[in-house]
Amino acid sequence: MLGPVETRSVSPVFVGRADELATLNDALARAAAAEPQALLLGGEAGVGKTRLVEEFGAAAAGRAAVVAVGGCVEIGADGLPFAPFSTALRALRDALPEEFAAAAAGQEEELARLLPDLGEAAAGRHDEQGMARLFELTARLLERVAADHTVVLVLEDLHWADASTRHLLAYLFRTLRAGRLLVLASYRSDDIHRRHPLRPLLAELDRLRTVRRIELARFTREEAGRQIAGILAAEPDPAQVDEIYARSDGNAFFIEELAAAVRAGSCAGLTDSLRDLLLVRVEALPESAQRVARIAAEGGSTVEYPLLAAVTRLTEDDLIEALRAAVGANILTVTRTGDGYRFRHSLVREAVADDLLPGERSRLNRRYAEALEADPALVPADARVTRLASYWYHAHDAAKALPAVLAAAVAARRRHAYTEQLGLLERAMELWDSAPEEVRGALRPVDYAEVYPPCGCDPASTPLRYLDLMAEAAVAGRFGGERERALKITKRALRLLEEDQDPLRAAWFWVQRSRLVQAMARGDGRQELATAQDLVRGLPPSEVHAEVLATAASWSMQHRPGPEAFAAAERAVEYARMVGARETELHALLTLGGLTVESGAPEAGLAQLRQVLRDTLAEGAHPVAGRAYVNLPSALQSIGRDREAVPLLREGIDFCRRYGLLDSGAWAWGNLSDALYSLGQWEEAAEAAAHATRVGHSAKPRGAGALRLAHLALARGDLAEAGRQLAAARALYGTHDPIPQRSLPLARIAVGIAAAQDSIADARAALLPALDCGFPPGTHRYAWPLLLAAASAEADARPGPAARAGRAEILDRVSAAVRTLATGAPLWQAYGRWTRAELLRAEGRDTADTWSPVVTAFECLDRPYDLARVRHRLAGALLAEGGDDQRDRAVELLRLAAAVAAHLDARPLADEVARLAQRARLTLTRAGRQGPADPAEALGLTSRERDVLGLVAAGRTNRQIAEELFISPKTASVHVSHILGKLGVSGRGEAAAVAHRLGLFDAGTLAAETPA
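Under the working numbering, the letters of the sequence shown match residues 112 to 1123, in that order.
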């Protein structure tokens, strides 16, 4: 390697960029105050991004920040998976070794996928959460390291980034919320054409309010003059500045090159093309230095010194002399780590590489490949297989390239770089027919394929098949989010299998298609699973057979729970045990346990679920354990044991966070929100639901969080928020796969919102699709709340033609559905009594005897809000019967209900309680705690505002109100505005709904007054 070499092309003066530096320094100050910062720095090639980053990095280091820099690596046309993160994390570990070790403790095997220095990456089967798990652990690692130190993470040359790097960066920008961390990523804006893979990421990040984007402009003429003066070490001739500025168009790198040409006395440089100018500088080098430059250009964005020595085949003295000339001319520069060389600017490298002849390029790639194959230690271990694959591929040697590309695909899979794995597998499929038969025949599935089970074949002796590559590619596409490509691969595979009769392999591909069409919102996947089941029917037990049965059972549990699902789960367990497919067995046991609970044997099912949880924790099957932490508490909640479920859910959330199981964690947060809602801890329930919307990797668990927020908003009377969250939940769930555990709660919220808006027609419209589909066995936990909401909506509906039309039919259909639903657990027995009581209330036939058993049933349960609601109903029935004893009992019931409503901020219930007390002329406050009995007075409405509200509720316009009250239309408008503000509503319709709900006006009077 070289010692210091004098160069004079780079301007010693840092010119301009005051605004950009101010933005970066402001972000650094915010980061130092524990407010994580995310910035994107864009600009055309040569505009000065690297110089700005270097200046900022030096200033940040001077303020005690730890600066870790990593650059995206280009090898030929290939990016190295996670390269900038690996480099930056290595620098961070070197700078803060103790803090890094503490932050990574317990997760070294997983984080080794990004930083191989930590040890061997974790083995085991891959799953759809693998990449998200790695991303979550990386985010938590950075937050922990940055807890006590300001950390600046710089990722350069994002335009070369591989897909996995782009995905991880997007994840960090979306999720970082703690730590003294600043993440700065730079990219070439002029390279981002319409089809560039970075373009969608930039569009996505632009929508995040937490991301700041800096676009670096070209220099002004005055700034160009200062740069030229710095390079020439003298004040330049103004005419010369004008000429250079016009020629460079303000690009900092071209200004530098042109100024250097002037200093060297090369006036011709000002008239040549800029590309030729760059090549002229290379061609001015000695022949040996030119040769080294050409070889380095094809080696990648950086080339290690030992590798360069092996490829150039020069003596050490000759190589050092050539390198000294190239570095002295500022063509090459030493890398930050001091172990290799890179072009000072990528534009120079591209100009040199573009000047290579096609045969010359393939010959150089062969030389690189041969050198690396002869001595793998020439490059870092984590880059070795990827670079060897790239060199052999670009050498156009299929015999050598095929096994090298397959080895690189395996390495990408181990790092969870699934998109890169997919690209390499597609490259291997491209090479397959070109590779000699003896090369293909020597390849073995045990070395290169893992997703398709052996099924009776010995993977160590059976030759690798083209279909094995297709299987790997299909799964890599699914895991990496490239589902369209994966679906096309499964179609091609199934076409090939029409000629090659292999029912097990065909069934396996049909299962993949089922998962893909569900993930892509193109169907529910049932037909594909049915085809797979038909293919394996009658065949001996195998891993594929077990997987088909387990997948079908899981599908049925969610879509059509019942005997068929139960039987499939039992057979899946049996087959998985017979063939030793332990993970498939554990998944099937989870499904079977849940189905057992739903079938009416809760204790047996819960025992089975608990055993699976213990086994998965003991065996380190973390993804299955994450699912168990969701399913076991859910089963407890399904039978009303929410308090028992809460500690399990909190334990599961901690487990999922520790192991980066984002979707399982989001489902657990959603279930925790449900449990806390039932237990009357609504503030914590809202926080849990919000967590579910944030931490989920996939859309559906985030949709579950939005649904919980809608439920809370509805119970608190915030109809606008309930509507927004309901729409969000629907969008996240999608419409292609309406399973009962999603469609029925969505319908329940829609019915509740419509009922609160006094729109019985909309409530019925939301209910009817569910009634038409029916309620299969196992769906009662979702059906009871929906039917209760429907019965309550009918009972609460304002009398009138719209409500009467069709009511009898709706009540009959709800009653018929009620008769079919299971009531095995005390919770659902109570819901059954409540729903039947609401149906009687809808017919005007409920009495105190109707509601007393309902209250008694809920007094035995730990559900304060439900108890308050039915107490309110019983109080109303008692008051309707009359008598002093009944009034005294009603007062106590209403006081209890009002206390719960106040504690939970359940405004609709509080309003109903207040209205009932007002009508019965009851005082709910104890002596010494008198408050306004009139709801209008409690809302702060003046007498005139109450009159105006009555007319608004009757449907009058401002002009009609003015005429009736003998005021001006403008005054009427002012009164309406004041009323909307005091009621906390956004429109006249909502104001009218509040007035009716509080019973401020007699409904019959209003109906009579409303104009025809």
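Cβ atoms here follow ideal geometry from the backbone N, Cα and C, with glycine treated the same way. Just so we're clear, the structure is a prediction, and the values are computed from it rather than from any experiment.
Q. Nearest to Glu-681 by CA position, among Ala-421, His-670 and Thr-662, is which residue?
A. Thr-662
(Q) Once DSSP output is grouped into helix, strand and coil, what is the label at Ala-555? (A) Rather than Ala, the amino acid found at residue 555 in this sequence is Arg. DSSP places Arg-555 in coil when its eight states are reduced to three.
Q. Which stretch, first to last residue, makes up the alpha helix (DSSP H) that contains Ser-197?
A. 194-206
**Q.** Limits of the beta strand (DSSP E) - the one that Pro-295 falls within
**A.** Here residue 295 turns out to be Leu, not Pro, going by the sequence shown. Residues 292-299.
(Q) Bridge partners for Leu-150 per DSSP, in chain order? (A) Note: Leu-150 sits in a beta bridge opposite Leu-295 and Arg-323.
**Q.** Supposed close pair Leu-309, Gln-148 - CB separation, criterion 8 Å
**A.** The Cβ separation is near 21 Å, so there is no contact.
Q: Quick one: using the 10 Å Cβ neighbour count with 16 as the cut-off for buried, is Val-124 buried or exposed?
A: exposed
Q) Between Pro-487 and Ala-421, what straight-line distance do the alpha-carbon atoms span, to the nearest angstrom? A) 12 Å
Q: Just tell me which of Ala-810, Leu-922, His-304 and Ser-667 has its CA closest to the CA of Pro-888.
A: Ser-667
(Q) Taking the beta strand (DSSP E) that Glu-231 belongs to, which residues open and close that run? (A) Note, Glu-231: premise wrong, no beta strand (DSSP E); not H, not E.
(Q) By the three-class DSSP mapping on this structure, what secondary structure does Arg-453 have? (A) Correct three-state label for Arg-453: strand.
(Q) Using the Cβ count rule (16 or more neighbours within 10 Å means buried), how would you classify Ala-506? (A) buried
Q.
Quick check on Tyr-416: does DSSP put it in helix, strand or coil?
A. helix
Q | Buried/exposed call for Glu-949, threshold 16 Cβ in 10 Å | A | buried
Q: Please confirm if Leu-535 has its CB atom under 8 Å from at least one CB of chain B.
A: In the structure shown, chain B does not exist; there is a single protein chain.
Q) Where does the unbroken beta strand (DSSP E) through Val-965 begin, and where does it stop? A) Taken as a continuous stretch (DSSP letters only), Val-965 belongs to no beta strand (DSSP E), being part of the alpha helix (DSSP H) at 959-970.
Q | Coarse secondary structure for Val-178, derived from DSSP in three states | A | strand
**Q.** Assumed close pair Leu-706, Leu-720 - CB separation to whole angstroms, cut-off 8 Å
**A.** Incorrect: roughly 11 Å between the Cβ atoms, too far for contact.
Q.
On the CB-based measure, 16 or more other CB atoms within 10 Å of its CB, does Ala-129 come out buried or exposed?
A. exposed
Q. What are the residues that DSSP puts in a beta bridge with Thr-444?
A. Arg-453
**Q.** heavy atom of the ligand COA below 7 Å from Leu-152 C-beta
**A.** This structure lacks the ligand COA; in fact it carries no ligand of any kind.
Q. Which term fits Gln-748, buried or exposed, when burial requires 16 or more other beta carbons within 10 angstroms of its beta carbon?
A. Classification of Gln-748: buried, given that the 10 Å Cβ count is 16 or more.
Q. Where do the N-terminal and C-terminal ends of the beta strand (DSSP E) with Glu-267 fall, by residue?
A. 262-267
Q. Is it the case that the Cβ atoms of Glu-315 and His-260 are separated by a distance below 8 Å?
A. no
Q. Exposed or buried, what is Gln-638 when buried is set at 16 or more other beta-carbons lying within 10 Å of its beta-carbon?
A. Counting Cβ neighbours within 10 Å, Gln-638 comes out exposed, since fewer than 16 surround it.
Q) Going straight from the alpha carbon of Val-1105 to that of Arg-1057, what length do you get? A) 12 Å
Q. Taking just the CA atoms, how far does His-307 sit from Ser-275?
A. 15 Å
Q. Phe-284 and Val-322 look like a contact to me (Cβ under 8 Å); what is the Cβ gap, rounded to whole Å?
A. 5 Å
(Q) Quick check: the Cα distance between Leu-430 and Phe-766, rounded to an integer number of angstroms? (A) 55 Å
Q) Roughly how many angstroms lie between the CA atoms of Ala-683 and Ala-643, to the nearest whole one? A) 14 Å
Q.
Distance check for Glu-609 and Lys-602, CA to CA, integer angstroms please.
A. 11 Å
Q) Are the CB atoms of Ala-1207 and Leu-627 nearer to each other than 8 Å? A) What the structure shows of the chain is the stretch from 112 to 1123, and residue 1207 is not part of that stretch, so it cannot be assessed.
Q) In terms of alpha-carbon separation, which member of Trp-780, Ile-1078, Glu-220 and Ala-877 lies closest to Ala-232? A) Glu-220
Q: Excluding the 5 residues preceding and the 5 following Thr-890 in the sequence, name in chain order all residues of the same chain whose CB lies nearer than 8 Å to its CB.
A: Pro-672, Pro-851, Gln-852 and Leu-855
Q.
Spatial neighbours of Gly-1042 within its chain, please: C-beta separation below 6 Å, excluding the five flanking residues on both sides.
A. Residue placement at Gly-1042 is poorly supported in this model, since its pLDDT is 45, which falls under 50; the coordinates still yield a value, given next. Same-chain partners within the cutoff: Thr-1036.
(Q) Distance check for Ala-215 and Ala-1159, CA to CA, integer angstroms please. (A) For residue 1159 there is no data in the structure shown, the boundaries of the chain being 112 and 1123.
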